[in-house]
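Student: For what it's worth, this note's numbering labels the leading residue of the sequence shown as -3, then goes sequentially.
The C-beta atom is built at its ideal place from N, Cα and C for all residues, glycine as well.
Given the structure is predicted, the values throughout are model-derived calculations rather than measurements.
Quick one: structure below, then a few questions.
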Amino acid sequence: MSALPIPQLAYRPMRATDIPAVARLEKDLYAFPWSAGNFRDSVNAGYDCWAVCHGETLIGYAVLMIALDEAHLLNIAVAPDWQRQGIGRAFLDHMIGVARRAACGIVYLEVRPSNITARHLYRTLGFQQIAIRPNYYPATSGREDALFLGLTL
Ligand SMILES: CC(C)(COP(=O)(O)OP(=O)(O)OC[C@H]1O[C@@H](n2cnc3c(N)ncnc32)[C@H](O)[C@@H]1OP(=O)(O)O)[C@@H](O)C(=O)NCCC(=O)NCCS
């Protein structure tokens, strides 16, 4: 079920013109944010880049890379003021639906062990740990491992 919990919200594909707003949100949300160029590259590469909008205001975004029958969720985020209302769960379910409709057999993603909220969300949607990628992420002191998760569709 990927219906958004607030009727005024809607999904739509991310547009090139959304990138400044996406990059601003990204900076608010992550200590080590993607650059605007990373999002531009993702859109130009044809990745499945989606937005959640409240009218004209973009309040969430996600990037899914599909290669043959495998999908890799590269990013998913909800604006701070809109978190904890079920939007992240619905949005992730929507992105899983995108992968399913593209006939993918699995969705992969990486998550920081310290990201308890995201880990809870992924676990409760059925993702399982496949491996640990050592020293995958930059961190304030040194590097942080990534948990590599997968959801079989
Ligand atoms: C992860 C994220 C997308 C979740 O978005 P959201 O809209 O807040 O998610 P939901 O409201 O659907 O909540 C999902 C679950 O997380 C829980 N949760 C949300 N925020 C939480 C918090 N701050 N502390 C503890 N649990 C939290 C909710 O209770 C919910 O679980 P439940 O349904 O079992 O009660 C959002 O926190 C975010 O954008 N984080 C920053 C970016 C990020 O870390 N992305 C993931 C990278 S791997």
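(1) To the nearest angstrom, how far is the alpha carbon of A67 from that of Y104?
(2) Nearest to L149 by CA position, among I102, T136, L143, is which residue?
(3) Give a single yes or no on whether W78 has its beta carbon closer than 8 Å to a heavy atom of ligand 1.
(4) With 16 other CB atoms within 10 Å as the buried threshold, where does Y26 fall?
(5) Sort H50, L145, A12, G51 by Cα distance to F35 and report the nearest one.
(6) Report the rounded CA-to-CA distance for E52 versus A6, giving the unit in angstroms.
(7) For V92, is the classification buried or exposed, using 16 other Cβ atoms within 10 angstroms of its Cβ as the cut-off for buried?
Tutor: Taking the definition as stated:
(1) 6 Å
(2) I102
(3) yes
(4) exposed
(5) A12
(6) 10 Å
(7) Per the sequence shown, residue 92 should be read as Ile rather than Val. By the 10 Å Cβ count, I92 comes out buried.
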